[in-house]
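Trainee: Residue numbers 19 to 406, in the working numbering, belong to the letters of the sequence shown in order. This is the structure I want to talk about, given as structure tokens.
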Amino acid sequence: MKGILSILWNEIHLIFFRDIRRGILLICAASAYLLLFSWLYTWGIVNHIPLLIVDQDQSSYSRNLSEKFATSDAFDGKYWGSELTDVEDFFQTEGRHSAALVIPKGFAKNIQHERQSQVLVIADGSNIIISSNTNIAAFDIIQAFNQEIGEKLIARDVSQVPYLAERRLSPVRFSYRVLGNPELDYMRFFVFGLALIAMQQGILLAVSASILWPKNHVTEAEWALSPWKRWLVKSFVYWFFGMMSYILFLEIGKHFFYLPVNGTWREHLLLAGSFIFCLVQLGALLACVVKDELLFSRLSVSYTVPAFILSGFTWPLPPMPDWVQFLAHLSPYTYVAEAARNLYIYGSYYQLERNSALLLAVGLLAFPLASHLYSKRLALKKEVINKI
């Protein structure tokens with residue numbers, strides 16, 4: 019018992035007093051990322067996209083359509099032009115991350131003579147968020163415009179009352195519902211994933227420091243413990259504070275930014291607990307075979323970005339090539355990313371228990387090897403100290 023308490027006190031003292039960066043990485047990395055990116059994505063969706071309106075028709079119909087675009091929340095229609103060359107100039111100067119609406123001559127005439135008219139919406143493709151939002155908003159506006167004008171034309175031609183004209187024009191009314199994130203809010207979609215990957219990096223760096231920091235020391239009481247007990251207690255410290263980090267960033271997201279945190283605490287603790295346990299063991303394995311913290315940091319940082327991209331959190335896994343999916347499933351983060359997001363948004367995930375069991379199994383398999391390598395590293399360090 020004395021050895022266990024000695025390890026607990028020694029690790030806590032190192033984390034919060036002697037090597038403070040370890041405590042900051044372990045507990046604050048995830049919350050820091052959550053705060054930073056939640057403020058960055060405060061509005062959640064991209065609105066008020068700068069819009070250049072080129073109305074070459076100058077008719078009541080074209081002015082009506084221009085007004086619908088200009089007054090939409092999606093666009094900031096304060097730029098006006100008269101020629102197609104204005105569009106090119108706009109995109110080359112102040113039109114970056116913008117869009118343009120071009121209404122050609124004969125727009126109203128074609129409509130009145132029952133010929134299909136055409137408008138052109140041009141979007142900046144250098145940012146897919148801008149182009150995607152432009153596409154969706156323009157489609158909705160033009161659909162509403164078509165409905166409105168079509169009803170008037172039918173009512174005019176056959177002298178029908180408006181509601182009958184509407185039924186003839188649109189016998190099927192289309193509607194759709196987006197589950198979990200109806201406003202397509204980027205913050206709900208993205209921020210927790212970044213916090214999780216930051217938590218992963220913080221845990222890995224903290225665990226490596228506990229093994230590789232030159233000023234680490236082992237007390238005599240600790241040497242009295244068997245290798246596996248010594249490593250079990252040490253692992254528990256980093257697992258426990260990793261769990262505190264997880265709970266902290268969830269509470270910050272829920273109460274400060276009103277992000278969805280659904281699911282039961284049992285499910286959250288099961289998923290996070292198995293993930294953090296797996297990280298601690300794998301991080302220790304790597305730390306025990308590299309020469310110093312600098313090399314470990316380089317390796318872990320080079321792993322973090324691919325782990326996030328390949329996890330399926332942004333680009334889904336099924337469209338990826340098979341060999342890329344194989345690489346993705348070698349990363350622990352892949353098993354937590356999709357499960358965590360579904361848990362936060364929907365309150366459940368059908369493979370949560372399976373993924374948690376896989377992460378726990380990997381951690382349990384790595385534990386004896388990590389324990390052996392850590393004890394071997396301590397023994398070598400003790401020999402060097404005794405020689406000095």
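The beta carbon of each residue, even a glycine, is placed where N, CA and C say it ideally should be.
(1) Using alpha carbons as the reference points, say which of 70, 297, 167 lies closest to residue 254.
(2) Indicate, with yes or no, if the ligand COA has a heavy atom lying under 8 Å from the CB of residue 381.
(3) Specify the secondary structure class of residue 368 as computed by DSSP and reduced to three states.
(4) Check residue 93 in the structure and name its three-state DSSP category.
(5) By a C-beta neighbour count over all protein chains shown, 10 Å radius and 16 as the cutoff for buried, is residue 382 buried or exposed?
(6) On the DSSP letters alone, give me the boundaries of the alpha helix (DSSP H) that residue 222 sits inside.
(7) Can you list, in chain order, the residues of its chain with a C-beta nearer than 7 Å to that of residue 212? Leave out the 5 residues immediately preceding and following it.
(8) Hey, which unbroken runs of the alpha helix (DSSP H) at 4 residues or more fall wholly within the segment 247 to 326?
(9) Can you name the start and end residues of the beta strand (DSSP E) that residue 73 belongs to?
(10) Please list, in chain order, all residues of the same chain as residue 142 whose beta carbon is under 6 Å from its beta carbon, the five residues on each side excluded.
(11) Can you tell me whether residue 121 is helix, strand or coil according to DSSP?
(12) Since residue 196 contacts residue 277 with CB under 8 Å, what's their CB separation in whole angstroms?
(13) For residue 66, I'd like the list of residues in its chain whose CB is within less than 6 Å of its CB, leaving aside the five on either flank, ordered along the chain.
(14) Are the CB atoms of residue 389 and residue 206 within a distance shorter than 9 Å?
(15) What does the alpha-carbon distance come out to for the pair residue 119 and residue 64?
(16) Just to confirm before moving on: does the CB-CB distance between residue 250 and residue 374 stay below 9 Å?
(17) Does the distance from the C-beta atom of residue 225 to that of residue 293 stay below 9 Å?
(18) Grouping DSSP H, G and I as helix and E and B as strand, with all else coil, what is residue 64?
(19) Relative to the alpha-carbon of residue 154, which residue among 60, 111, 92, 301 has its alpha-carbon at the smallest distance?
(20) If the criterion is Cβ atoms closer than 9 Å, does the pair residue 223 and residue 25 meet it?
(21) Pick from 139, 376, 229: whose alpha carbon is nearest that of residue 29?
(22) So, helix, strand or coil for residue 137, using DSSP?
(23) By the three-class DSSP mapping on this structure, what secondary structure does residue 57 have?
(24) Please report the straight-line C-alpha distance between residue 125 and residue 75, rounded to a whole angstrom.
(25) Which term fits residue 257, buried or exposed, when burial requires 16 or more other beta carbons within 10 angstroms of its beta carbon?
(26) Under 8 Å by Cβ, that's how I've got residue 259 and residue 22 pegged, so tell me the actual separation to the nearest angstrom.
(27) Would you report the Cα separation of residue 331 and residue 360, rounded to the nearest angstrom?
Mentor: A quick look at the data gives this:
(1) Along the sequence shown, one-based indexing puts residue 254 at 236. Minimum Cα distance to residue 254 is reached at 297.
(2) The ligand content of the structure shown is nil, which means the ligand COA is not present either.
(3) Position 350 of the sequence shown, counted from the first residue, corresponds to residue 368. Coil at residue 368, not helix or strand.
(4) Within the sequence shown, numbered from 1, the residue matching residue 93 stands at position 75. Reduced to three states, the DSSP call for residue 93 is strand.
(5) For the purposes of this step, residue 382 is identified with residue 364 of the sequence shown, where counting begins at 1. It counts as exposed.
(6) Position 204 of the sequence shown holds residue 222. Here the alpha helix (DSSP H) through residue 222 covers 204 to 230.
(7) To locate residue 212, count along the sequence shown from 1; it is residue 194. Contacts found: 51, 55.
(8) 283 to 307
(9) As a position in the sequence shown, residue 73 is number 55, starting the count at 1. Where residue 73 is concerned, the enclosing beta strand (DSSP E) stretches over 67 to 73.
(10) Against the sequence shown, residue 142 aligns to sequence position 124. Result list for residue 142: 115, 116, 148, in chain order.
(11) Taking the sequence shown and counting its residues from 1, the one referred to as residue 121 is at position 103. Of the three classes helix, strand and coil, the one that applies to residue 121 here is strand, per DSSP.
(12) Here residue 196 refers to the residue found at position 178 when the sequence shown is read from its first residue. Here residue 277 refers to the residue found at position 259 when the sequence shown is read from its first residue. Not quite, the Cβ-Cβ distance comes to about 17 Å (not below 8 Å), so this is no contact.
(13) Taking the first residue of the sequence shown as position 1, residue 66 is located at position 48. For residue 66, where only same-chain residues beyond five positions count, the Cβ hits under 6 Å are 94.
(14) In the sequence shown, the residue the question calls residue 206 occupies position 188. In the sequence shown, the residue the question calls residue 389 occupies position 371. No. Outside cutoff.
(15) On the sequence shown, residue 119 is found 101 positions in, with the first residue counted as 1. On the sequence shown, residue 64 is found 46 positions in, with the first residue counted as 1. Their Cα atoms are separated by approximately 18 Å.
(16) On the sequence shown, residue 250 is found 232 positions in, with the first residue counted as 1. On the sequence shown, residue 374 is found 356 positions in, with the first residue counted as 1. Taking 9 Å as the Cβ cut-off, residue 250 and residue 374 do not qualify as a contacting pair.
(17) For the purposes of this step, residue 225 is taken as the residue at position 207 of the sequence shown. For the purposes of this step, residue 293 is taken as the residue at position 275 of the sequence shown. Taking 9 Å as the Cβ cut-off, residue 225 and residue 293 do not qualify as a contacting pair.
(18) Mapped onto the sequence shown, residue 64 falls at position 46. DSSP places residue 64 in coil when its eight states are reduced to three.
(19) Translated into positions along the sequence shown, residue 154 becomes position 136. Closest by alpha carbon: 92.
(20) On the sequence shown, position 205 is the one that residue 223 refers to. On the sequence shown, position 7 is the one that residue 25 refers to. Not closer than 9 Å, so no.
(21) Start at 1 with the first residue of the sequence shown, and residue 29 comes out as number 11. Comparing Cα positions, the closest option is 229.
(22) Translated into positions along the sequence shown, residue 137 becomes position 119. If DSSP states are grouped into helix, strand and coil, residue 137 belongs with coil.
(23) Translated into the one-based positions of the sequence shown, residue 57 becomes position 39. In the structure shown, residue 57 sits in a helix (DSSP, three-state: H, G or I).
(24) Along the sequence shown, one-based indexing puts residue 125 at 107. Along the sequence shown, one-based indexing puts residue 75 at 57. Their Cα atoms are separated by approximately 6 Å.
(25) Taking the first residue of the sequence shown as position 1, residue 257 is located at position 239. With 16 or more Cβ atoms within 10 Å of its Cβ, residue 257 is classed as buried.
(26) In the sequence shown, residue 259 corresponds to position 241, counting from 1. In the sequence shown, residue 22 corresponds to position 4, counting from 1. Their Cβ separation, rounded to whole angstroms, is 17 Å, which puts residue 259 and residue 22 out of contact at 8 Å.
(27) Numbered from its first residue, the sequence shown carries residue 331 at position 313. Numbered from its first residue, the sequence shown carries residue 360 at position 342. The alpha-carbon atoms of residue 331 and residue 360 are separated by roughly 11 Å.
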